[in-house]
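Residue numbers (our numbering), protein chains in the order written: chain W, 6 to 207; chain U, 365 to 765.
Shown next, in structure tokens, is the structure this report addresses.
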Amino acid sequence: MLNISDTLETLVTELSRLPGIGRKTAQRLSMFIIKQPREDVEKLTLALMDIKDRIKFCRVCCNITEDEVCRICCSEKRSRSIICVVEEPQDVYAIEKTNEFRGLYHVLHGRISPLEGIGPDDIRVRELIYRLEDDPESKIEELILALNPTVEGETTILYLSRIIRPLGIRISRIARGLPIGSDIELADEITLAKAIEGRITI
Amino acid sequence: MLLRNLTLRNFRNYAGQDIIFNPRFNFIHGNNGEGKTNILEAVSFVSYGRSFLGSAEADCVRFESDDFDVSGVYENEIGNLYDVSAGYIKSLKKKTIRLNKEKVNRYSTEIFGKFPVVFLSPHSLNITYGNPAERRKFFDMLIAQTSRLYLDLLKDMVRVLKQKNALLKNQLASKAYSREDFMNLLETYNKSLSKLSSEIVYRRLRFLEEFIVYFRKSFGFLMAADDEPCIDYDSELFDEGKPMKFQVSGIPAPDEIKRKYEDMMKLRSGLEISRGVSLVGAHRNDYLFTLRKKGSFTGGSVEFGLKNFASQGEHKTFVIALKLAEYHFLKDKLGNSPLLLLDDLLSELDHGRVSKIVSHLMDYGQIFLTATDLTYDNELKRFYGSNEISYFNVTAGKVKS
């Protein structure tokens, strides 16, 4: 294959390392960038560098932030008695969009998976325990575990509930079941079985 | 369910072959090594999306080719047609299964159990002769075809086991975790594993309770009526290691099994830690086949463990009875008749038993039989009309009908 330009080749290779981007898409993005005015490309470059330089993890909840402590943790309007535990920062945004949860978050940045060499020390479990147990200002009464319904997510839920239960904090997990507006007849058997298992008395 | 036709391209020793099948009986004959079994293997690709001989897809690609395609058209009891195809590209390591031209993404929901096949071959003797894994595989496949939930429980158990074994191994090899973290994690996995194991064992026992009726019926027609066959579930859970005679004692509730598993895992955890491997769970259970012979010298009944005491003939009878029971079980549960594939079956049996089997084949739906010659042709003709049997002669990857 003819290599037209080493510079182009480098950009394509770097772009194709991004998740969800294959070589074809990387080529398209590169061609687009070539045709862009210089100031637009400068804006993009700056945005990329800024995100690396300015974004860090919140000292309290480990979510991404530009400050020492993130905006949710600083907010006067949020309840300080309840924490929602999630796997990744994007889960925070998903839950925030509901506008229903007014408590705080804790981002684990992963889930326990010995197969991939990820133990409790490799995700932000210590930080969570500090918030619950050692932080003198802590007023936490309840923990909601909102992890993904996978084998690894389930394991992390069981593990957390096991080490947190002795602290006397109420622990719950989000329900699993049918998406709103869907039909029971179209649901797959496993979701339906879980929905029946997690039924609620009315 | 009927398989109307089959097309093979670059599959095993077939370059390109179209076969139109008879809705009743298909007699595939030819010398050894000419490609009879390959046709049946292709049938397994269009019904399960993989080989029931456990061959890797890459091995099924014809010599000096890069990809194979097999496709077939199924017809159900009310005349609906399903076009199923399976293809594999060796250089891309890519398998594609299509149902009515649409790519199947979630194979377990869209295909599995929809086109049931019962496959009986010399290979099937592993069910009684082989190690426990062979028996678990046989029964797991059978239960999973009738219950998606069971299939999912199995998948989850395999995943949890992998994680637990990785945990034990990491700790044994390099003390990867602090003592406290490790014990908490181990307890966590044990909790998941005992829950999953109990659900699985409970479903296996419930299945056996139903299946044994089918099994005794098909066994009864192959063997003398005073021999009673049993299938017992062998698990460390019951009676201090003795196999459970659940037909006598009844099936324990899932919660009870779960509590037993939790206790057992606690008891064995020291050994698990020092050996670095999971030792307790549904993945270590077995099915025991026994034969209770009545009216023997002692006057009472005597029980024989099949594995150690049975003759070759008794093994074969057991396996054939298992397979025929599988057929009727699937037919009742799924509401449609499986295809019956009999690979090199008749050559293994004595004449009397063959006649018995042949005389009952009419009770089954569409049948595919392979043999090296037409020895039993006359017997078959007694039960099938001339337009109800199609003959296929196989020579070097070419089929002549």
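No residue lacks a Cβ here, since even glycine has one placed at the ideal position from N, Cα and C.
- prompt: What does a CB cutoff of less than 6 Å around ALA449(U) pick up in its chain, not counting 5 residues either side in sequence?
  reply: Going by the sequence as given, residue 449(U) is Ser instead of Ala. Closer than 6 Å at Cβ, skipping near neighbours: SER435, ARG462.
- prompt: With burial defined as no fewer than 16 other Cβ atoms inside 10 Å of the residue's Cβ, what is the status of SER408(U): buried or exposed?
  reply: Residue environment: SER408(U) is assigned as buried (16 or more neighbouring CB atoms within 10 Å of its CB, all protein chains considered).
message: Could you tell me the alpha carbon to alpha carbon distance between TYR311(U) and ASP126(W), rounded to whole angstroms?
response: Limits of chain U in this structure are 365 at one end and 765 at the other, which puts residue 311(U) out of reach.
- request: Could I get the ranges of all uninterrupted alpha helix (DSSP H) runs contained in the segment 542-601 of chain U, with 4 residues as the minimum, in chain order?
  value: The DSSP assignment places complete alpha helix (DSSP H) segments of no fewer than 4 residues inside the segment 542-601 of chain U at 543-586, in order along the chain.
query: Taking the C-alpha atoms as reference points, what is the distance between CYS78(W) and PRO184(W)?
result: Going by C-alpha positions, CYS78(W) is about 30 Å away from PRO184(W).
query: Looking at C-beta atoms only, is the number of pairs between the segment 639-653 of chain U and the segment 484-499 of chain U that lie closer than 8 Å three or more?
result: The segment 639-653 of chain U makes contact with the segment 484-499 of chain U; the number of CB pairs closer than 8 Å reaches 3 or more.
query: Which term fits THR552(U), buried or exposed, when burial requires 16 or more other beta carbons within 10 angstroms of its beta carbon?
result: With at least 16 other beta carbons inside 10 angstroms of its own, THR552(U) counts as buried.
query: In three-state terms, what does DSSP make of GLY716(U)?
result: Correct three-state label for GLY716(U): helix.
message: Taking 8 Å as the threshold (C-beta atoms), are LEU137(W) and LEU172(W) in contact?
response: With respect to LEU137(W), LEU172(W) sits close: the two C-beta atoms are nearer than 8 Å.
- prompt: If contact means a Cβ-Cβ distance below 7 Å, which residues of the segment 499-528 of chain U contact chain W?
  reply: Those residues of the segment 499-528 of chain U placed with their C-beta closer than 7 Å to a C-beta in chain W are ARG512, LEU513, ASP516, ASP520, ARG523, VAL524, LYS526, GLN527, ordered along the chain.
message: Can you find the residues in the same chain that come closer than 7 Å, C-beta to C-beta, to ASN395(U), ignoring five residues on each side of it along the sequence?
response: For ASN395(U), where only same-chain residues beyond five positions count, the Cβ hits under 7 Å are THR736.
Per-residue burial, THR681(U) [other beta carbons within 10 Å of its own, 16 or more giving buried]: With 16 or more other Cβ atoms inside 10 Å of its own Cβ, THR681(U) counts as buried.
message: I want to see whether chain W comes within less than 8 Å of TYR553(U), judged by CB atoms only; does it?
response: Yes, TYR553(U) counts as interfacial toward chain W.
task: Flag this pair as touching only if the segment 63-70 of chain W and the segment 107-118 of chain W have three or more C-beta atom pairs under 8 Å; answer yes or no.
output: Verdict: yes, contact present.
- prompt: Thinking C-alpha only, which one of ARG368(U), GLU592(U), LEU738(U), CYS594(U) is nearest LEU443(U)?
  reply: The question names Leu, but residue 443(U) is Gly in the sequence shown. GLY443(U) has its Cα closest to that of ARG368(U), out of ARG368(U), GLU592(U), LEU738(U), CYS594(U).
- prompt: Which residue spans inside the segment 44-74 of chain W form an unbroken alpha helix (DSSP H) run of at least 4?
  reply: You should have found no qualifying run.
message: Quick check: what's the CA-CA separation for ILE384(U) versus TYR164(W)?
response: When rounded, the distance between both Cα atoms is 57 Å.
- request: Kindly list, in the order they appear in chain W, the residues whose Cβ is closer than 7 Å to that of SER558(U).
  value: Close partners of SER558(U) in chain W (Cβ separation under 7 Å) are lacking, with about 12 Å as the shortest Cβ gap.
- prompt: With distances taken between CB atoms, is the gap from PHE747(U) to ASN390(U) smaller than 8 Å?
  reply: No. Outside cutoff.
field: Proximity below 8 Å, CB of VAL644(U) to CB of ARG632(U)
entry: Yes, these two residues count as a Cβ contact at 8 Å.
Expected contact under 8 Å - CB spacing of GLU81(W) and ARG116(W) to nearest Å: 32 Å between Cβ atoms; not a contact.
Among GLY27(W), ILE168(W), ARG76(W), the one whose alpha carbon lies nearest that of ASN548(U): Checking every option, the nearest Cα to that of ASN548(U) belongs to ILE168(W).
- request: Let me know if LYS400(U) comes out buried or exposed under the rule of 16 or more other beta-carbons within 10 Å of its beta-carbon.
  value: So LYS400(U) counts as buried.
message: Quick check on DSSP: helix, strand or coil for PHE502(U)?
response: PHE502(U): helix per DSSP, three-state reduction.
task: Could you tell me whether the segment 506-519 of chain U touches the segment 182-202 of chain W, where touching means 3 or more Cβ pairs closer than 8 Å?
output: By the Cβ criterion, the segment 506-519 of chain U is in contact with the segment 182-202 of chain W, since at least three pairs of Cβ atoms, one from each stretch, lie closer than 8 Å.
query: Going by DSSP, what residues sit across from THR460(U) in a beta bridge?
result: Answer is GLY451(U).
message: Rounded to the nearest angstrom, what separates MET726(U) and ILE392(U) at their Cα positions?
response: Whole-angstrom Cα-Cα distance: 18 Å.
- prompt: Using 8 Å as the threshold, is the segment 618-628 of chain U in touch with the segment 674-691 of chain U, meaning 3 or more CB pairs across them?
  reply: No, the segment 618-628 of chain U does not touch the segment 674-691 of chain U.
- prompt: From what residue to what residue does the beta strand (DSSP E) around THR759(U) run?
  reply: Where THR759(U) is concerned, the enclosing beta strand (DSSP E) stretches over 753-759.
query: Does the segment 580-600 of chain U touch the segment 517-533 of chain U, meaning 3 or more C-beta pairs lie closer than 8 Å?
result: With fewer than three CB-CB distances shorter than 8 Å, the segment 517-533 of chain U does not count as touching the segment 580-600 of chain U.
- prompt: chain U partners of TYR164(W), CB-CB under 7 Å?
  reply: Within chain U, the residues near TYR164(W) are ASN548, LEU549, THR552.
message: Using a Cβ-Cβ distance cut-off of 8 Å, determine whether ALA617(U) contacts chain W.
response: Taking Cβ atoms only, chain W never reaches closer than 8 Å to ALA617(U), which makes this a no.
task: Would you please state the rounded distance, in angstroms, between the beta carbons of GLU92(W) and LEU148(W)? I believe it to be under 8 Å.
output: No, GLU92(W) and LEU148(W) are not in contact; Cβ-Cβ is about 15 Å, not under 8 Å.
- prompt: What does ALA530(U) reach in chain W if we use C-beta pairs closer than 9 Å?
  reply: Here the neighbours are SER118, PRO119, LEU120, GLU121, GLY122.
- request: Kindly indicate which three-state DSSP category SER84(W) falls into: helix, strand or coil?
  value: Taken through DSSP and simplified to helix, strand or coil, SER84(W) comes out as coil.
task: Hey, could you find the ends of the beta strand (DSSP E) ARG639(U) is sitting in?
output: For ARG639(U), there is no enclosing beta strand (DSSP E); the residue is found in the alpha helix (DSSP H) stretching over 618-639.
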